[in-house]
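Novice: First residue of the sequence shown? That's 1266 in this note's numbering, and the numbers climb one at a time after it. The following block contains the structure, expressed as structure tokens.
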Amino acid sequence: MTQVSGGPAGRELPPAAVDEEVLLAEQRAWTPWKIAVWAGIALLGGLAWVMLALVRGETVNAIWFVFAAVSTYAIAYRFYSRYIENKLLRPDDRRATPAEYKENGQDFLPTDRRVLYGHHFAAIAGAGPLVGPVLAAQMGYLPGTIWIIVGVIVAGAVQDYLVLFFSMRRGGRSLGQMAREELGRVGGIAAIIATLAIMIILIAVLTLVVVNALGESPWGVFSVALTIPIALFMGVYLRYLRPGKVSEVSWIGFVLLIGAIVAGGWVSETGWGQALFTLDRTTIAWGVIVYGFVAAVLPVWLLLAPRDYLSTFMKIGTIVLLAVAIIVVRPEIAAPAFSEFAGRDDGPVVAGSLFPFLFVTIACGALSGFHALISSGTTPKLVEKERQTRFIGYGGMLMESFVAIMALVAALSIDRGLYFAMNVPASLTEGTVEGAAAFVNSLGLMNVNVTPDQLATTAALVGEESIVSRTGGAPTLAVGLANIMQQFIGGPGMMSFWYHFAIMFEALFILTAVDAGTRVARFMLQDAIGTVAPRFKDTSWRPAAWICTGLMVGAWGAILLMGVTDPLGGINTLFPLFGIANQLLAAIALAVCLAIAARRGHVRYLWIIVVPLAFAAVVTVTASMYKIFSSNPKIGYWAQHFAFREAIASGETSFGTAGTPQAMAAVVRNTFVQGTLSILFVTLALVVIVAAVLAAWTSISTGGRPDHEEEPVPSRLYAPAGLIATPAEKELEKEWTETVGTPARSGH
1266 MTQVSGGPAG RELPPAAVDE EVLLAEQRAW TPWKIAVWAG IALLGGLAWV MLALVRGETV
1326 NAIWFVFAAV STYAIAYRFY SRYIENKLLR PDDRRATPAE YKENGQDFLP TDRRVLYGHH
1386 FAAIAGAGPL VGPVLAAQMG YLPGTIWIIV GVIVAGAVQD YLVLFFSMRR GGRSLGQMAR
1446 EELGRVGGIA AIIATLAIMI ILIAVLTLVV VNALGESPWG VFSVALTIPI ALFMGVYLRY
1506 LRPGKVSEVS WIGFVLLIGA IVAGGWVSET GWGQALFTLD RTTIAWGVIV YGFVAAVLPV
1566 WLLLAPRDYL STFMKIGTIV LLAVAIIVVR PEIAAPAFSE FAGRDDGPVV AGSLFPFLFV
1626 TIACGALSGF HALISSGTTP KLVEKERQTR FIGYGGMLME SFVAIMALVA ALSIDRGLYF
1686 AMNVPASLTE GTVEGAAAFV NSLGLMNVNV TPDQLATTAA LVGEESIVSR TGGAPTLAVG
1746 LANIMQQFIG GPGMMSFWYH FAIMFEALFI LTAVDAGTRV ARFMLQDAIG TVAPRFKDTS
1806 WRPAAWICTG LMVGAWGAIL LMGVTDPLGG INTLFPLFGI ANQLLAAIAL AVCLAIAARR
1866 GHVRYLWIIV VPLAFAAVVT VTASMYKIFS SNPKIGYWAQ HFAFREAIAS GETSFGTAGT
1926 PQAMAAVVRN TFVQGTLSIL FVTLALVVIV AAVLAAWTSI STGGRPDHEE EPVPSRLYAP
1986 AGLIATPAEK ELEKEWTETV GTPARSGH
């Protein structure tokens, strides 16, 4: 990014953007080499899809998942996202972005596109792309693979890109602010309430994944706990010791993280380590609640920003390393394309048939409403040029989808019996290797015969006391990753290291989303209360910050504790609600985008938004109806609620998976909360969607209406649009360098 207040005396500044005709000429120029490259990518992708979808053998090689994903992403990014850019959004790099014309060195700051890509990816990538695919693996490998790859192309990446662009054009407004402007009072209020309520359940389930992964694991607790002082050290290092040295401090942080994992192994083998760090899930839950409050009120530079740096390096690096390992090791996937549970509603991991529950179980990685809050929160205030929104918004979501594919492959690569033993609740396995083996073998799965010795041996290999009923997906992913990586580097003796490396990797993923999500939720609550008490809108006013943070942490903390103590298995009952809430938030974001695009007069291309919006609405409303009205207690929250209430009323002291009267009362309470939230979420989402459709119809019938974009300001800086500058961009960059000197890039 090159920025100036004025050129050298007597010299005009170069253009702030490459000429549009030159850009179009570059895009349309097809050399023999370019044709050969794209033909090769298409052929490789086509072959991979044939191997996954049509060739039926006893096993399928995992490399085809990597090739199918990468080839499809490349084609979608090059052609479909460019189509959206040219036809629907039409960015103009001659216009200054809010980062330029509102620059204040804090919230608004032109940031190098490569650095911002990392920040954005770190913020959007939470537990969803890791956990959802693992839980959905019970239905087989093909449905999840198709939804993750196709869904992100036509839905998830489209949502992220559109929200980022529209927010940037509106000065960095939040999703709630845009909803108020576009949908009117009723639609806007419904969108704000829905967003706040959904944020609570999203953060609660994210933290529940961490808690389940760390419960009774002294190695994991010690290693993850050390990430907090490491992040604090990095914040001080960047702020006072070596300002601006992001790459330097990131490598230091990476070395410290590896040291934390190794030290965790040593500590877990000592008596005092066992005593201090073997914590039950409730204790860990309270620790995470305290952490969430402190992290959200501390200055961003002290904890949140350095954890972002750590997360970005760890996330992208680990996923790329896993992809390389899969290509080298070439593990065979023994799971069927469609499993015995794809057409049934009694799956032991997640209840419900393939439609609609696959599409809400795999939320993040294909489509995530949480991303809309980031795309309309911090990122649009940092984008330096309008055309960079495609690389950051669409491209960033493709990377998260690849994370989901790698998680799915890792989960599928382990023995199927082991998979079910790890992911069904303790109420079904009795928490013992004998009980788990008996339950899994009773399912009657083809070629599955798990033994207690097999479960005990696996636990010993990964350095854990037990791996039975480690629900939540994170431990399963860790075992799968460790199994693949030990074949690539280190052998069986490294299994425990790679397992806890994966747990650390997942914890960094999730805790980044927890503290960033809590902070975003606090801002949203302050903005909402600020309509009545204006002082609350001042985010720098500490009393408001502390009060709103406490309210949000208290809300998601209560849901977290409910999940930790849930006799029905916590994550098994809460994750469908998490997926539904997340997809409903995505539907709200797409509905707002529909109203904005219609207002701009782009009627011919509204199908780009209507298709994912209609699919998300149908899937989530259908799933909500199942959770509210199903008479099957394994699926319907109210069916569970009334079944347990009747059992208590008849004087029974145990019922189903609840072995005590207290556990039965907990189920009654929990299902009431979950059922009520289901009704609230779907009602608010439908109000928003209807308001958006009415607003869009009004715009279409009147031929478009004045939009709410801020007045254009001429840009006085230049930067390329994508990861690699094109020849025309390099030429213009050279011209700027010759005119105003060496570029100074913010964000490094």
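Every residue gets a Cβ at the ideal spot worked out from N, C-alpha and C, and that includes glycine.
#1: From this set, V1713, V1744 and G1782, which residue's C-alpha is nearest T1722's C-alpha?
#2: Considering Cα atoms alone, identify which of L1942, G1940, A1914 and I1944 is closest to A1930.
#3: So, with DSSP's three-state summary, where would you put T1376?
#4: Residue ranges of each beta strand (DSSP E) run of no fewer than 3 residues wholly in the stretch 1788-1874, ordered along the chain?
#5: Between Y1764 and the rest of its own chain, which residues show a CB-CB distance below 6 Å, the 5 nearest in sequence each way excluded?
#6: Under a three-way DSSP split, which group does E1975 fall into?
#7: Taking the C-alpha atoms as reference points, what is the distance between E1285 and A1957?
#8: For the candidate residues V1715, T1543, A1637 and I1944, whose alpha-carbon lies nearest to that of N1477?
#9: In this structure, how does DSSP classify E1597 when only helix, strand and coil are distinguished?
#10: Determine the extent of the alpha helix (DSSP H) in which Q1442 is found, giving its start and end residues.
#11: Assuming A1420 and P1877 are in contact, meaning their beta carbons sit under 8 Å apart, how far apart are those beta carbons, in whole angstroms?
#12: Report the option in L1503, R1655, I1657 and A1361 whose CA atom is closest to the CA atom of P1977.
#13: Please classify R1360: does DSSP put it in a helix, a strand, or coil?
#14: For P1992 versus P1645, is the C-beta distance shorter than 8 Å?
#15: Give the secondary structure of V1648 by DSSP, where H, G and I count as helix, E and B as strand, and everything else as coil.
#16: Does DSSP put F1606 in a helix, in a strand, or in coil?
#17: In whole angstroms, what is the alpha-carbon distance linking G1441 and E1534?
#18: Which residue's Cα is closest to the Cα of A1725: S1482, V1302, K1995 and R1359?
#19: Whole-angstrom Cβ separation of L1849 and V1947, contact assumed at under 8 Å?
#20: Can you give me the C-alpha to C-alpha distance between A1675 and I1749, rounded to a whole angstrom?
#21: Could you check what DSSP says for S1270 in three-state terms: helix, strand or coil?
#22: Check V1674 in the structure and name its three-state DSSP category.
#23: Since E1665 and I1389 are thought to touch, with beta carbons under 8 Å apart, how far apart are those beta carbons, to the nearest angstrom?
#24: How should V1302 be labelled, buried or exposed, when 16 other C-beta atoms within 10 angstroms of its C-beta is the threshold for buried?
#25: What does DSSP give as the partner residue(s) for F1920 in the beta ladder?
#26: What are the boundary residues of the alpha helix (DSSP H) that Q1424 is part of?
#27: So what does DSSP say about L1982, is it helix, strand or coil?
#28: When you compare only the Cα positions, how much space is there between H1384 and A1904?
#29: Among G1924, L1491 and D1831, whose alpha-carbon lies nearest the alpha-carbon of G1529?
#30: Compare the C-alpha of Q1719 against each of L1708, E1699, M1769 and S1707 and name the closest.
#31: What is the DSSP secondary structure of A1714, reduced to helix, strand or coil?
#32: Please state the DSSP three-state secondary structure of N1369.
#33: Which residue wins for smallest C-alpha separation from L1557, given the options V1818, V1886, I1874 and L1982?
#34: Taking the alpha helix (DSSP H) that V1625 belongs to, which residues open and close that run?
#35: Just the Cα atoms here: how many angstroms apart are G1310 and T1337?
#36: Please go through the same chain and pick out, in chain order, the residues whose beta-carbon is closer than 6 Å to the beta-carbon of A1282, but skip the five residues on each side of it.
Specialist: So, to answer that:
#1: V1744
#2: A1914
#3: strand
#4: none
#5: V1727, A1743 and A1747
#6: coil
#7: 33 Å
#8: T1543
#9: strand
#10: L1440 to L1479
#11: 4 Å
#12: A1361
#13: strand
#14: no
#15: strand
#16: coil
#17: 50 Å
#18: S1482
#19: 7 Å
#20: 8 Å
#21: Bear in mind that a pLDDT of 43 at S1270, under 50, signals an unreliable position, so the number given afterwards is only what the model happens to contain. Reduced to three states, the DSSP call for S1270 is coil.
#22: helix
#23: 6 Å
#24: exposed
#25: A1923
#26: A1422 to R1434
#27: strand
#28: 43 Å
#29: L1491
#30: E1699
#31: The residue you asked about is not Ala; residue 1714 is Asn in the sequence shown. DSSP places N1714 in coil when its eight states are reduced to three.
#32: coil
#33: In the sequence on display, residue 1557 carries Gly and not Leu. Looking at the Cα atoms, V1818 is the closest of the given residues.
#34: L1619 to T1626
#35: 6 Å
#36: D1358 and R1359
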